[in-house]
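In UniProt numbering, the protein residues as written are 1 to 273.
Just so it is clear, CB atoms sit at the ideal spot from N, CA and C, and this is done for glycine as well.
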């Protein structure tokens, strides 16, 4: 038989036959005088067995060994011992796959229900919703821009629980304490700050930003602020700096230094009672 005839009888494609040959699942048959593969009934039987096992869910890389085991046991008990063992293993594997798929379906339903983004972890979606609330409160369009979204995605994926909880506390406090408009006003002024902005303008922005963030100083975790940046924080900081000019970087660094000192002072006061 030619490959096309075997494929038709077995209900597979010629391409599938070639793949079976390539992975060693189907032995190469003899060639006819004109060079075509010449299959016999044993080849057809093997293809049918492969197709059946694959339809049950057995991966192709396991089927060759299964067929050998089934054939070896066939003399003793018709191959039932090997078959039952292989079926039990497959059943357990499929049960695990079903459980995983059910978890995926639950997650998909949750994403749709909460109208969150599929590439954002659940905690990142919660943060994004708080940021949207802040934008609405500040009278801005409730749509997070690409840069902010990238930062939130990095934080949601890479921050540990303590680091991410701090971010959530800060943004939630900004929203709940009526600081949304101030945050966006200062943010827009920082975005508009020119690289050659006069020092007086930089000083003014530092003072205003520090005054604003001092109102959420209780949300900052000393354990995070009084240590060196970790790898994730360095990555996010480097990403942010790529989008900033020298004047903006100066303002950001000075505000961060002031906040760090305030956190240090508060920690010292707490330690002394």
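Within its chain, find whatever has a CB closer than 7 angstroms to the CB of residue 170; leave out the 5 residues flanking it on each side and keep chain order. Residue 170 sits at position 170 when you count from the first residue of the chain shown. Within the same chain, residue 170 has close Cβ partners 216, 219.
Mind checking who residue 31 pairs with in its DSSP beta bridge? To locate residue 31, count along the chain shown from 1; it is residue 31. For residue 31, which the question treats as bridged, DSSP gives the partners 37.
Since residue 184 is in the alpha helix (DSSP H), which residue starts that stretch and which ends it? Walking along the chain shown from the start, residue 184 turns up at place 184. Taken as a continuous stretch (DSSP letters only), the alpha helix (DSSP H) holding residue 184 covers 180–191.
How many angstroms separate the CA atom of residue 51 from the CA atom of residue 67? Residue numbering aside, residue 51 sits at position 51 when the chain shown is read from its first letter. Residue numbering aside, residue 67 sits at position 67 when the chain shown is read from its first letter. Computed Cα separation, rounded: 12 angstroms.
Beta-carbon proximity list for residue 193, same chain, < 6 angstroms, skipping 5 on both sides: For the purposes of this step, residue 193 is taken as residue 193 along the chain shown, with counting starting at 1. Closer than 6 angstroms at Cβ, skipping near neighbours: 247, 248.
Looking at the secondary structure, which residues open and close the alpha helix (DSSP H) in which residue 207 lies? Position 207 of the chain shown, counted from the start, is the residue given in the question as residue 207. Residue 207 -> alpha helix (DSSP H) spans 199–213.
Straight-line CA distance for residue 234 to residue 93? Looking up residue 234 in the chain shown gives position 234. Looking up residue 93 in the chain shown gives position 93. Whole-angstrom Cα-Cα distance: 41 angstroms.
Using a Cβ-Cβ cutoff of less than 7 angstroms, which residues in the same chain neighbour residue 189 once the five nearest sequence positions on both sides are dropped? In the chain shown, residue 189 corresponds to position 189, counting from 1. 205.
If the criterion is Cβ atoms closer than 8 angstroms, does the pair residue 6 and residue 43 meet it? Taking the first residue of the chain shown as position 1, residue 6 is located at position 6. Taking the first residue of the chain shown as position 1, residue 43 is located at position 43. Closer than 8 angstroms, so yes.
Among 271, 163, 211, which has the Cα closest to the Cα of residue 229? For this step, residue 229 is matched to residue 229 along the chain shown. Minimum Cα distance to residue 229 is reached at 163.
Look at the Cβ atom of residue 154, then the Cβ atom of residue 236, and state whether they are nearer than 8 angstroms. Residue mapping note: residue 154 aligns to position 154 of the chain shown, counting from 1. Residue mapping note: residue 236 aligns to position 236 of the chain shown, counting from 1. Closer than 8 angstroms, so yes.
Just the Cα atoms here: how many angstroms apart are residue 4 and residue 14? Taking the chain shown and counting its residues from 1, one reaches residue 4 at position 4. Taking the chain shown and counting its residues from 1, one reaches residue 14 at position 14. Each residue's alpha carbon lies about 6 angstroms from the other.
Counting along the chain, where does the alpha helix (DSSP H) carrying residue 168 start and finish? Along the chain shown, one-based indexing puts residue 168 at 168. That run of the alpha helix (DSSP H) goes 161–176.
Going straight from the alpha carbon of residue 60 to that of residue 16, what length do you get? Residue numbering aside, residue 60 sits at position 60 when the chain shown is read from its first letter. Residue numbering aside, residue 16 sits at position 16 when the chain shown is read from its first letter. Roughly 11 angstroms separates the two Cα atoms.
Counting only C-beta atoms, is residue 29 closer than 8 angstroms to chain D at any point? Included in the structure is just one protein chain, with no chain D present.
Please confirm if the region 221–228 is in contact with the region 171–184, defined as three or more CB-CB distances below 8 angstroms between the two stretches. no
How far does the alpha helix (DSSP H) with residue 246 in it reach, from first residue to last? In the chain shown, the residue the question calls residue 246 occupies position 246. From DSSP, the alpha helix (DSSP H) with residue 246 extends over 246–272.
Under the rule that 16 or more other beta-carbon atoms within 10 Å means buried, what is residue 348, buried or exposed? Missing from the structure shown is residue 348; the chain here goes from 1 to 273 and no further.
Whole-angstrom C-beta distance between residue 57 and residue 90, which should lie under 8 angstroms: Translated into positions along the chain shown, residue 90 becomes position 90. Translated into positions along the chain shown, residue 57 becomes position 57. With 8 angstroms as the limit, residue 90 and residue 57 qualify as a contact, their Cβ atoms being about 6 angstroms apart.
Cutting at 6 angstroms between CB atoms, please list the residues of its own chain near residue 37, excluding the five before and the five after it. Taking the chain shown and counting its residues from 1, one reaches residue 37 at position 37. Taken in chain order, the residues that qualify are 3, 29.
C-alpha gap between residue 27 and residue 21, whole angstroms: For this step, residue 27 is matched to residue 27 along the chain shown. For this step, residue 21 is matched to residue 21 along the chain shown. C-alpha separation (whole angstroms): 6 angstroms.
Relative to the C-alpha of residue 35, which residue among 1, 65, 121 is closest? In the chain shown, counting from the first residue as 1, residue 35 sits at position 35. The shortest C-alpha separation from residue 35 is found at 1.
Taking the Cβ atom as the reference point for each residue, do residue 108 and residue 180 lie within a distance shorter than 8 angstroms? Residue mapping note: residue 108 aligns to position 108 of the chain shown, counting from 1. Residue mapping note: residue 180 aligns to position 180 of the chain shown, counting from 1. Their beta carbons are not under 8 angstroms apart, which means residue 108 does not touch residue 180 by this criterion.
Rounded to the nearest angstrom, what separates residue 258 and residue 117 at their Cα positions? Along the chain shown, one-based indexing puts residue 258 at 258. Along the chain shown, one-based indexing puts residue 117 at 117. Roughly 35 angstroms between the two C-alpha positions.
Given a cut-off of 8 angstroms, decide if residue 70 and residue 10 are closer than it, judged by their beta-carbon atoms. Start at 1 with the first residue of the chain shown, and residue 10 comes out as number 10. Start at 1 with the first residue of the chain shown, and residue 70 comes out as number 70. Their beta carbons are not under 8 angstroms apart, which means residue 10 does not touch residue 70 by this criterion.
Report the rounded CA-to-CA distance for residue 231 versus residue 268, giving the unit in angstroms. By 1-based counting over the chain shown, the position of residue 231 is 231. By 1-based counting over the chain shown, the position of residue 268 is 268. So the alpha carbons of these two residues sit roughly 27 angstroms apart.
Nearest CA to the CA of residue 201: which residue from 251, 82, 39, 263? Reading the chain shown from its first residue, position 201 is the one you call residue 201. Measuring from the Cα of residue 201, the nearest candidate turns out to be 251.
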